[in-house]
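Asks:
Numbering (my numbering), first residue to last: 1258 to 1751.
1. Does DSSP put residue 1601 in a helix, a strand or coil?
2. Specify the secondary structure class of residue 1507 as computed by DSSP and reduced to three states.
3. Would you mind stating whether residue 1548 and residue 1644 have Cβ atoms separated by less than 8 Å?
4. Quick one: does the C-beta of residue 1467 sit closer than 7 Å to a heavy atom of the ligand GTP?
5. Quick one, are the C-beta atoms of residue 1509 and residue 1534 less than 8 Å apart?
6. Leaving aside the five residues before and after residue 1449 along the sequence, list all residues of the same chain whose C-beta is less than 6 Å from its C-beta, in chain order.
7. Can you find the residues in the same chain that come closer than 7 Å, C-beta to C-beta, to residue 1498, ignoring five residues on each side of it along the sequence?
8. What are the partner residues of residue 1469, as DSSP defines its beta bridges?
9. Give me, in chain order, the residues of the same chain whose beta-carbon lies closer than 7 Å to that of residue 1445; leave out the 5 immediate sequence neighbours on both sides.
10. Taking the alpha carbon of residue 1526 as the reference point, which residue from 1560, 1501, 1552 has its own alpha carbon closest?
11. Exposed or buried, residue 1353, counting other C-beta atoms within 10 Å across all chains shown (16 or more means buried)?
12. Whole angstroms are fine: how far does the CA of residue 1725 sit from the CA of residue 1673?
13. Kindly confirm or deny that the stretch 1675 to 1689 and the stretch 1722 to 1736 touch, where touching means at least three C-beta pairs closer than 8 Å.
14. May I ask you to list the residues that DSSP assigns as paired with residue 1575?
15. Considering only residues of the stretch 1294 to 1373, which uninterrupted beta strand (DSSP E) runs meet the minimum length of 3 residues and lie entirely inside it, listed in chain order?
16. Locate the beta strand (DSSP E) running through residue 1616, then write down its first and last residues.
17. With distances taken Cα to Cα, identify the nearest neighbour of residue 1379 among 1413, 1489, 1364.
18. Could you name the residues of the same chain whose beta carbon sits closer than 6 Å to that of residue 1712, not counting the 5 residues immediately before and after it, in chain order?
19. What does the alpha-carbon distance come out to for the pair residue 1416 and residue 1427?
20. Is it right to say residue 1669 is buried, meaning 16 or more other beta carbons lie within 10 angstroms of its own, or is it exposed?
21. Can you give the beta carbon distance from residue 1512 to residue 1578, rounded, assuming they're within the 8 Å contact cut?
22. Using only CA atoms, which one of 1633, 1440, 1399 lies nearest to residue 1420?
23. Hey, would you say residue 1671 sits closer than 8 Å to residue 1555, going by beta carbons?
24. Find the nearest neighbour of residue 1570 within the set 1435, 1606, 1581, 1583, judged by alpha-carbon distance.
25. Determine whether the beta carbon atoms of residue 1490 and residue 1408 lie at a separation below 8 Å.
26. Just to confirm the assignment, what range does the beta strand (DSSP E) spanning residue 1693 have?
27. State the Cα-Cα distance for the pair residue 1689 and residue 1707, rounded to the nearest angstrom.
28. Out of 1601, 1516, 1310, which one is the CA nearest neighbour of residue 1576?
29. On the DSSP letters alone, give me the boundaries of the beta strand (DSSP E) that residue 1735 sits inside.
Put into structure tokens, the structure is as follows:
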């Protein structure tokens, strides 16, 4: 069968056989997925838009200017409105679309990620980390019907409050694997619900960060979102499992009573301990070298925001905990470990005293799902995968402290509302001081200019380059002077 189809000559039979499966594909009723797929390839295509509006507006793309449809375009339900301000194209419009292709027996489906440079939906889902801060937002209550967008990998929830079949609010429930202790569950498509949430206004569609659903607590309005980090009681009698907010396949599980060491056989834990697990881009890890593939950061703090373990000391439990780490995707969505065998990979931890990466002997590498499992009574702050060329010897810190550049620890640390960063240089050079989050994404550039030799002090107020107040958490600041580079860590607490 010819893969192309003249869009202007669709018969009723072809419409039934072709268009209805399109709608079913765009709005499948499968349950929520729990983890990102191991591979994702994207394409960028330019062509002319063709529209069949016999029943609903169904979009196609003609990429070779022959007036025949080469791809079906999946924009999602009619009521879906992206926050970027991007709009559905008109018939005959020339567009450039970036997306991922799903092959079908008829036309291939192009799920739209971007159109003409504007984001339509995220290729890699992590919206729950961008919309979580609600301490200073207005709390409102809204009742309406759930509209469910299942076009792409994770389900997206919207609320129709005036029964016009259009979305009035987007709903942020957090990561698909998050389940609140109250027993509240995510609603079904078409279900009537009452939502109490923090209102985050947007030029396209306002969003509610869900705090309660049908009077059941989803998350607390104060403090960090529970999927970013969690408080753990020392006397907790149940096992505790915490997931990385970006990937449900990376987690650690603490058995009952593992925090009761009181400083004798384990770390002296406070009554409550805050814990986090993050994936960290490799060039944001200490001791970065080319053979370093992927990394993770574990953070345990007492109620005062201080690390429960001192510098160079592991967090020690009186029972073994289980750690499972999965390598995240690169920019194409591919798993970073997929091209390596288990023998070619080595898990190491960062020794803060020696400033070296040290091997973890008990780690079990699984080359089938590109992950590692570790049963241990001690947990270090940083772990990373190295390829075979970096595992024969301990890897030294690549950036030894230069004699002509000194970067001091920020003060105060942790800080709120601002902190000072001092550095000195003995040479005239281009100076760049940048704040990064734990994923290696730039947050704020404090200086980027040529400076003479001298001592300088800069202040960071916890805001990004656009003036938005950042979330509480751990950040890195990196100083580059000429070809010299130094990195240190700081903690922002609202």
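Ideal placement from N, C-alpha and C gives every residue a C-beta, glycine not left out.
Replies: Let's see:
1. Three-state result, residue 1601: helix.
2. strand
3. yes
4. The ligand GTP is not part of the structure shown, which contains no ligands of any sort.
5. Yes.
6. Only 1402 meet the Cβ criterion.
7. 1508, 1510
8. According to DSSP, residue 1469 bridges with 1453, 1474.
9. 1403
10. Cα-wise, what sits closest to residue 1526 is 1560.
11. exposed
12. 15 Å
13. yes
14. In the DSSP output, where bridge partners are listed per residue, residue 1575 has none listed.
15. 1300 to 1309, 1315 to 1319, 1328 to 1331, 1351 to 1359, 1366 to 1372
16. 1613 to 1616
17. 1413
18. Within the same chain, Cβ atoms closer than 6 Å to the Cβ of residue 1712 are found at 1681, the five residues on either side in sequence being excluded.
19. 6 Å
20. Around the beta-carbon of residue 1669, fewer than 16 other beta-carbon atoms lie within 10 Å, marking it exposed.
21. About 7 Å separates the Cβ atoms of residue 1512 and residue 1578, confirming a contact at the 8 Å cut-off.
22. With distances taken between Cα atoms, residue 1420 lies closest to 1399.
23. no
24. 1606
25. No. Outside cutoff.
26. 1686 to 1693
27. Looking at the two C-alpha atoms, the distance is approximately 9 Å.
28. 1516
29. 1730 to 1738
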